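Numbered by our numbering, the letters in the sequence shown go through residues 18 to 282 in order. Backbone N, C-alpha and C define an ideal beta-carbon position, used for all residues, glycine too. Since we're looking at a predicted model, the values are computed, not measured.
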Amino acid sequence: AEALNKVLGSAFKLAYAGEDLVRLIDTSDVDHIIERVKSYDAAVLGTVYQLEKRTVTLNTYEKSPNDRTYDFYLDEKYGAWENDVPSDDSEYHAQIFTNALQALVESGSMKHVVVVETPRTSDPMVFINILEEAGIPYTYLRIKGKLIKDISFSFDKGVKDSLAVSKFQPGFIYPIEAEVYENERPVYREDVAALVVQSLMSLDWSESRILEVASSPNPLNNFVPTKKQRTDLDWCFNSALLENSLNSETISPAQIKEFGISTQR
Numbered sequence: 018a019e020a021l022n023k024v025l026g027s028a029f030k031l032a033y034a035g036e037d038l039v040r041l042i043d044t045s046d047v048d049h050i051i052e053r054v055k056s057y058d059a060a061v062l063g064t065v066y067q068l069e070k071r072t073v074t075l076n077t078y079e080k081s082p083n084d085r086t087y088d089f090y091l092d093e094k095y096g097a098w099e100n101d102v103p104s105d106d107s108e109y110h111a112q113i114f115t116n117a118l119q120a121l122v123e124s125g126s127m128k129h130v131v132v133v134e135t136p137r138t139s140d141p142m143v144f145i146n147i148l149e150e151a152g153i154p155y156t157y158l159r160i161k162g163k164l165i166k167d168i169s170f171s172f173d174k175g176v177k178d179s180l181a182v183s184k185f186q187p188g189f190i191y192p193i194e195a196e197v198y199e200n201e202r203p204v205y206r207e208d209v210a211a212l213v214v215q216s217l218m219s220l221d222w223s224e225s226r227i228l229e230v231a232s233s234p235n236p237l238n239n240f241v242p243t244k245k246q247r248t249d250l251d252w253c254f255n256s257a258l259l260e261n262s263l264n265s266e267t268i269s270p271a272q273i274k275e276f277g278i279s280t281q282r
């Protein structure tokens, strides 16, 4: 909670997250996860996490004072000690994902899950197949571009990029090549986080979809608000840009090129 509040305090006015909003979870135990997600109706998951081996927090689920576990990070933690951890293509990541989905389904209250494909993901179909087998409606986000931090982000400025959203047709999904991350325009982490929330607000929870997300090719959509504009009317300023992008999704250019799909809507 302390680390979370440092982030909130620097970007938002009067924002605070209490200890009751932070729940430690043993991802190897489905029943333990279920106890933590009861009453929730939506969740956000990643695919392949960055792992760091650490001591289990005292008075939680450790069996001895020297028990070790893997902390995992959806994005990248600067300075994380990644020695002696499972590789990015290890089955360990799929097992974490499977356990989480099983718990979400068995909790009885979960209606939709948003999944963010991380740059470490070498085989996205592993996770899409697990989602399909679980039978819970999902929104799967593929970020096409290197993630960077918006060092000037604040609630008053809000979303910086409207983002280009393309919909993948059902079928085999290929990994995003490393060169793509380097050659495409970078994507702000803060905008992706806002898109996750906006997708839950704008899209139908009863449907599943795979969306490719890239930086907007139209710089006119990327603007900084003037001092006269009010910032207290929306959950996130400029979030309407993301709402419009989600409502105007097109077929992914990658699949148009590969399969010759018609671009008519």
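Just list the residues that DSSP pairs glycine 63 with in beta bridges. According to the DSSP secondary-structure assignment, glycine 63 is paired through a beta bridge with Val133.
Which residue's Cα is closest to the Cα of aspartate 173: Asp43, Leu68, Cys253? When each option's Cα is compared against that of aspartate 173, the closest is Cys253.
Around the Cβ of valine 130, are there at least 16 other Cβ atoms within 10 angstroms (buried) or fewer (exposed)? By the C-beta density criterion, valine 130 is buried, having at least 16 other C-beta atoms within 10 angstroms.
Cβ neighbours of glutamate 93 in the same chain (closer than 7 Å, five flanking residues each side left out): Taken in chain order, the residues that qualify are Gln67.
How would you label alanine 211, buried or exposed, when you count the other beta carbons within 10 angstroms and need 16 or more for buried? Answer is buried; the Cβ neighbour count reaches 16.
Look up proline 71 in the DSSP assignment and give the residues it is bridged to. The residue asked about is misnamed: residue 71 is arginine in this sequence, not proline. DSSP lists Thr86 as the bridge partner or partners of arginine 71.
Considering only residues of the same chain and omitting the five flanking positions on each side of alanine 117, which have a CB-CB separation below 7 Å? Setting aside the 5 residues that flank it on each side, alanine 117 is surrounded in the same chain by Thr44, Ile50, Leu62, each with a C-beta closer than 7 Å to its C-beta; the list follows chain order.
Which residue marks the beginning of the alpha helix (DSSP H) containing serine 219, and which one marks its end? Going by DSSP, serine 219 is part of the alpha helix (DSSP H) stretching over 206-219.
Does the separation of the CB atoms of glutamate 229 and lysine 177 fall below 8 Å? Taking 8 Å as the cut-off, the Cβ atoms of glutamate 229 and lysine 177 do not count as close.
Could you pull out every residue in the same chain whose Cβ sits closer than 7 Å to the Cβ of leucine 259, ignoring the five residues on either side in sequence? Contacts found: Val176, Ser179, Leu180, Ala211, Leu212, Gln215.
Distance between tyrosine 198 and asparagine 238 (C-alpha atoms, nearest Å): Per-residue confidence for asparagine 238 stands at a pLDDT of 46, beneath the threshold of 50, marking its modelled position as unreliable; the derived number appears in the next sentence. Each residue's alpha carbon lies about 22 Å from the other.
Where arginine 226 falls: helix, strand or coil (DSSP): Strand at arginine 226.
Can you grab the Cα-Cα spacing for the pair proline 234 / proline 136, in whole Å? Roughly 21 Å separates the two Cα atoms.
Hey, how far is the Cα of tryptophan 222 from the Cα of glycine 188? A direct Cα-Cα distance of roughly 21 Å separates tryptophan 222 from glycine 188.
Identify the continuous alpha helix (DSSP H) that holds threonine 115 and give its terminal residues. Where threonine 115 is concerned, the enclosing alpha helix (DSSP H) stretches over 108-124.
Just to confirm, is the Cβ distance from serine 169 to serine 126 under 8 Å? At least 8 Å separates the beta-carbon of serine 169 from that of serine 126.
Does DSSP put isoleucine 42 in a helix, a strand or coil? The answer is coil: DSSP assigns isoleucine 42 none of H, G, I, E or B.
Is arginine 71 buried or exposed, if buried means 16 or more other CB atoms sit within 10 Å of its CB? Classification of arginine 71: exposed, given that the 10 Å Cβ count is below 16.
Using a 10 Å radius around the Cβ and a threshold of 16 neighbouring Cβ atoms, would you call alanine 195 buried or exposed? The C-beta of alanine 195 has fewer than 16 other C-beta atoms within 10 Å across all chains shown, which makes the residue exposed.
For my contact list, proline 192 and threonine 138 are in at a C-beta cut-off of 8 Å; report their separation, rounded to the angstrom. The beta-carbon distance between proline 192 and threonine 138, rounded to whole angstroms, is 7 Å. This is short enough to meet the 8 Å contact definition.
According to DSSP, is tyrosine 157 part of a helix, a strand, or is it coil? Under the three-state reduction of DSSP output, tyrosine 157 falls in the strand class.
Assigned exposure category for threonine 74 - 16 Cβ within 10 Å defines buried: Taking all protein chains in view, the Cβ of threonine 74 is surrounded by fewer than 16 other Cβ atoms within 10 Å, so the residue is classified as exposed.
Serine 183, enclosing beta strand (DSSP E) - first and last residue: In the DSSP assignment, serine 183 falls within the unbroken beta strand (DSSP E) covering 181-184.
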